[in-house]
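Right, one structure below, let's go through it.
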Amino acid sequence: MAAVEERTLKKMLKQYRHRDLAVREITDTILNYKDLRPVMDAYNFLDGSSRDLMSLAGTVPVCYRGSVYNIPVCLWLLDTYPYNPPICFVKPTSKMIIKTSRHVDSNGKIYLPYLHEWTFPRSGLCGFIQVMTGVFAEEMPVFSTSATHRPSLL
Amino acid sequence: LNGGAVPSAPPTYT
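Just so you know, the sequences run in chain order A and B. Take the first sequence: its letter number 44 is residue 334 in this note's numbering, and every next letter is one higher. Take the second sequence: its letter number 10 is residue 1433 in this note's numbering, and every next letter is one higher.
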């Protein structure tokens, strides 16, 4: 599956202040995580305002008790990205429930020190996803309510 | 565009 082309990303990110840096980061991320794709959509801020932002939506693989699960996530990028951290959510399907923890709240929002301590260029999306999947391997953020799940064995 | 794997999660915890 081919990655989205750079010039398409540039068009999508025309309102981003550091577009070239953002394009490089996103390209790198979707090459490493094949089940994430870039999507422009309306992001609703807590103050009620809304803005068209890019998100990387899809799944990331997490190894949990010997099986690999495709955990659905959505990583929103502010127009100041990569100088501000992504806003990240677990997105349970209708057959999943969120297990809240100190890292994930009931809305699925993800809280990790990596995000609080975000400093570009030391921080980046790939680094964040590595940390996030490592944390999820210890503290699974979603569980299935369906009995018919079929995990892929390692 | 990238493809999409089917989301999955471990069975309900107790």
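Backbone N, C-alpha and C fix where the C-beta goes; we use that ideal spot for every residue, glycine too.
For residue j and residue i, believed in contact at Cβ under 8 Å, the rounded distance
i: A:V380; j: A:V358; result: That belief does not hold up - the Cβ atoms of A:V380 and A:V358 are roughly 16 Å apart, past 8 Å.
i: A:T435; j: A:M386; result: 7 Å
i: A:L346; j: A:L368; result: A:L346 to A:L368, Cβ: 13 Å. No contact.
i: A:A427; j: A:V352; result: 6 Å
i: A:Y373; j: A:F410; result: 5 Å
i: A:V425; j: A:H393; result: 6 Å
i: B:P1430; j: A:T383; result: 5 Å
i: A:T319; j: A:C416; result: 6 Å
Simplified DSSP assignment, three categories, for residue i
i: A:N322; result: helix
i: A:D310; result: helix
i: A:P341; result: For the record, residue 341 of chain A in the displayed sequence is Arg; it is not Pro. Reduced to three states, the DSSP call for A:R341 is strand.
i: A:P372; result: coil
i: A:R297; result: helix
i: A:A427; result: helix
i: A:T317; result: helix
Listed by chain order, chain B residues near residue i by CB distance under 7 Å
i: A:N360; result: A1428, V1429, P1430, S1431
Contacts that residue i makes with chain B (C-beta to C-beta distance below 9 Å)
i: A:M422; result: Within 9 Å Cβ-Cβ: nothing; A:M422 doesn't reach chain B, min ~15 Å.
i: A:G356; result: The premise fails here: A:G356 is roughly 10 Å from chain B at the closest Cβ pair, so nothing lies under 9 Å.
8 Å Cβ cut-off: residues of chain B touching residue i
i: A:S434; result: S1431, A1432, P1433, P1434, T1435
i: A:T317; result: Going along chain B, no residue has its Cβ under 8 Å from A:T317, so there is no contact; the nearest lies around 11 Å.
Residue-level contact to chain C via CB, residue i, 8 Å cutoff
i: A:G414; result: Among the chains of the structure shown, chain C does not appear; the protein chains present are A and B.
heavy atom of the ligand MG below 7 Å from residue i C-beta
i: A:T317; result: Within the structure as shown, the ligand MG is missing, as the structure has no ligands at all.
Could you pull out every unbroken beta strand (DSSP E) segment of at least 3 residues lying fully inside the segment 372-421 of chain A, listed in chain order?
Those beta strand (DSSP E) runs which fall completely within the segment 372-421 of chain A and span 3+ residues are 377-380, 386-388.
Please name the residues in the segment 371-395 of chain A whose beta-carbon is closer than 9 Å to at least one beta-carbon of chain B, in chain order.
Here the close residues are K381, P382, T383, K385, M386, I387, K389.
Near-chain B residues of the segment 335-350 of chain A (beta-carbon distance less than 8 Å), N- to C-terminal order
Of all residues in the segment 335-350 of chain A, G348, T349 have a Cβ within less than 8 Å of some Cβ in chain B.
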